[in-house]
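*Asks:* I have a structure I would like to understand better, so I am pasting it below and will then ask my questions one at a time.
In this note's numbering, the protein residues as written are 9 to 462.
Shown next as structure tokens:
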């Protein structure tokens, strides 16, 4: 077995070393059968809940990317044992309440998910913990997570709302009923994780359903979870406190947000015929595929079944002519990470595509709304921002020929490399180093399917 301590954080080095530009060129058909890496959201949660469980958890298909390894190292620093065992990972948990103070600072690299969810874990422990991240993460706001956790009893030294900072939890955590000001799976999950420590019941009310992996996995590990749909379409999610979790066997399905780039490449490269195996099909994550079908994409779901409480299946994708459409704001939570690649596909579609209610994109690894619009403009595509909406005027073909600034954002880099595979002239992104945060093998995998990424 191999401890995760041997997995050195590469996010900081990737983001501070010399840029690694790459050019994508018009490609032959994208074809074959392939699996994408394990879902990032589920991988984070599997490691955290395994560390809070009693006994041993085996995790198959864990995403071995920088962001997830940051969570693994944090859990090990807090007293859980995390090790590689063949093709799987094994975690020896310490039980809810059993974690211990780390010897040093917890460094989350570029991972907003890891840092925000860990705030929920730490809220129930009466110990001081220093947290930091790379330059990009230290610019991203934490206030939306800190607000409810502060109500429960977490304190932050200096009243800071960006990393680095030091937090201190409490053994007397208060259960709360918290209504999310905006839909956010990360905020919801942090409060639910904190609620494991609090007496009684902690409830999060969300105005629109967001990805529900935390609820599903909490139930899978033995927590008391209650989910009620409200008359207004929102949901109330309640977790029972003073919880006891038990180690389990988790199989992580393929990440739909990673699959999105392969799907897009197959749609825009004529003659493509691609099967992506074992992809997560949780309805809180499939807004992208639903939208593409409405745009005319030939996407078929094969062999749908359940694994560890999550629906999975194979995606069969063929190249397609797309048409523009209006994407309603209520769909945003189910496809929030896919807007950059959707905007790329909108450029190849005929007609205008209006993506409404995209405010959340402004506080991701970069201002993805602005970065996406700028990247499209650099490639000869008409795009504009109106408030929180992104509007793309598609003409069925994309000139290309631009150099796109990624702003240290992995999804911007992958989206515009994909655009270059179908555009008339090559497209260069200024850096691909940060792609390792979510999809380390993106470039070689795409090359193996026929993508021209020399």
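From the three backbone atoms N, C-alpha and C, an ideal C-beta is built for every residue, glycine too.
#1: Flag this pair as yes or no: are the beta carbons of residue 132 and residue 205 separated by less than 7 Å?
#2: Kindly confirm or deny that the segment 87-96 and the segment 112-122 touch, where touching means at least three C-beta pairs closer than 8 Å.
#3: Whose C-alpha, out of 397, 390, 379, 400, is nearest the C-alpha of residue 424?
#4: Closest by CA to residue 28, which one among 451, 405, 146?
#5: I need the boundaries of the alpha helix (DSSP H) containing residue 196, first residue and last residue.
#6: Since residue 265 is in the alpha helix (DSSP H), which residue starts that stretch and which ends it?
#7: For the alpha helix (DSSP H) containing residue 299, list its first residue and its last residue.
#8: For residue 65, write down the residues that DSSP places opposite it in a beta bridge.
#9: Tell me the residue span of the alpha helix (DSSP H) that contains residue 425.
#10: Using the three-state DSSP reduction, which class does residue 2 fall into: helix, strand or coil?
#11: Rounded to a whole number of angstroms, what is the C-alpha to C-alpha distance between residue 17 and residue 403?
#12: Roughly how many whole angstroms lie between the Cα atoms of residue 118 and residue 151?
#13: Thinking just about the alpha-carbon of each residue, which of 51, 421, 441 is nearest to the one in residue 435?
#14: Residue 166 lies in the beta strand (DSSP E); which residues open and close that run?
#15: What does the Cβ neighbour count give for residue 292, buried or exposed, with the cut at 16 atoms within 10 Å?
#16: As an exercise, report each continuous alpha helix (DSSP H) stretch of at least 4 residues that is fully enclosed by the segment 335-402, in chain order.
#17: Excluding five sequence neighbours on each side, which residues of the same chain lie with their C-beta closer than 6 Å to the C-beta of residue 401?
#18: Based on the DSSP secondary-structure assignment, which residues constitute the bridge partners of residue 415?
#19: Would you tell me roughly how many angstroms separate the C-alpha atoms of residue 377 and residue 348, rounded to the nearest one?
#20: Alpha carbons only, please: which of 140, 141, 163, 121 is nearest the one belonging to residue 134?
#21: Shortest alpha-carbon distance to residue 231 belongs to which of 247, 333, 107, 242?
#22: Output the distance between the C-alpha atoms of residue 460 and residue 141, rounded to the nearest integer angstrom.
#23: Could you check if residue 234 is buried or exposed, using at least 16 other CB atoms within 10 Å of its CB as the buried criterion?
#24: Touch check for the segment 73-80 and the segment 28-44: three-plus C-beta pairs under 8 Å?
#25: Among the candidates 105, 69, 202, whose CA atom is the shortest distance from the CA of residue 62?
#26: Examine the Cβ distances between the segment 64-77 and the segment 248-263 and report whether three or more of them are shorter than 8 Å.
#27: Going by DSSP in three states, residue 445 sits in which element: helix, strand or coil?
#28: Within 10 angstroms of its Cβ, does residue 367 collect 16 or more other Cβ (buried), or is it exposed?
#29: For the candidate residues 365, 333, 354, 321, whose alpha-carbon lies nearest to that of residue 342?
#30: So residue 414 packs on residue 438, CB below 8 Å; how close in whole Å?
#31: Per DSSP, what are the beta-bridge partners of residue 188 in this structure?
#32: For the candidate residues 321, 276, 239, 322, whose alpha-carbon lies nearest to that of residue 305?
#33: Going by DSSP in three states, residue 142 sits in which element: helix, strand or coil?
#34: With burial defined as no fewer than 16 other Cβ atoms inside 10 Å of the residue's Cβ, what is the status of residue 357: buried or exposed?
#35: To the nearest angstrom, how far is it from the Cα of residue 454 to the Cα of residue 396?
#36: State the Cα-Cα distance for the pair residue 145 and residue 241, rounded to the nearest angstrom.
*Replies:* Looking at the coordinates:
#1: yes
#2: no
#3: Selected option, being the one with the closest Cα: 379.
#4: 451
#5: 193-203
#6: 264-276
#7: 295-302
#8: 99
#9: 418-430
#10: Limits of the chain in this structure are 9 at one end and 462 at the other, which puts residue 2 out of reach.
#11: At residue 17 the pLDDT is 45, less than 50, meaning the model places this residue with poor confidence; the figure from the coordinates comes in the next sentence. Cα-Cα distance, rounded: 42 Å.
#12: Using only the alpha carbons, I get a separation of about 17 Å.
#13: Per the Cα distances, 421.
#14: First-last for residue 166: undefined, no H or E at that position.
#15: buried
#16: 347-356, 376-386
#17: 360, 390
#18: In the DSSP output, where bridge partners are listed per residue, residue 415 has none listed.
#19: 8 Å
#20: 163
#21: 247
#22: 34 Å
#23: exposed
#24: no
#25: 105
#26: The segment 64-77, when compared against the segment 248-263, does touch it at the 8 Å Cβ threshold.
#27: Under the three-state reduction of DSSP output, residue 445 falls in the helix class.
#28: exposed
#29: It is 365.
#30: Going by Cβ atoms, the distance from residue 414 to residue 438 rounds to 6 Å, so yes, they are a contact pair.
#31: Its beta-bridge partners do not exist; DSSP assigns none.
#32: It is 276.
#33: Reduced to three states, the DSSP call for residue 142 is coil.
#34: buried
#35: Roughly 32 Å separates the two Cα atoms.
#36: 33 Å
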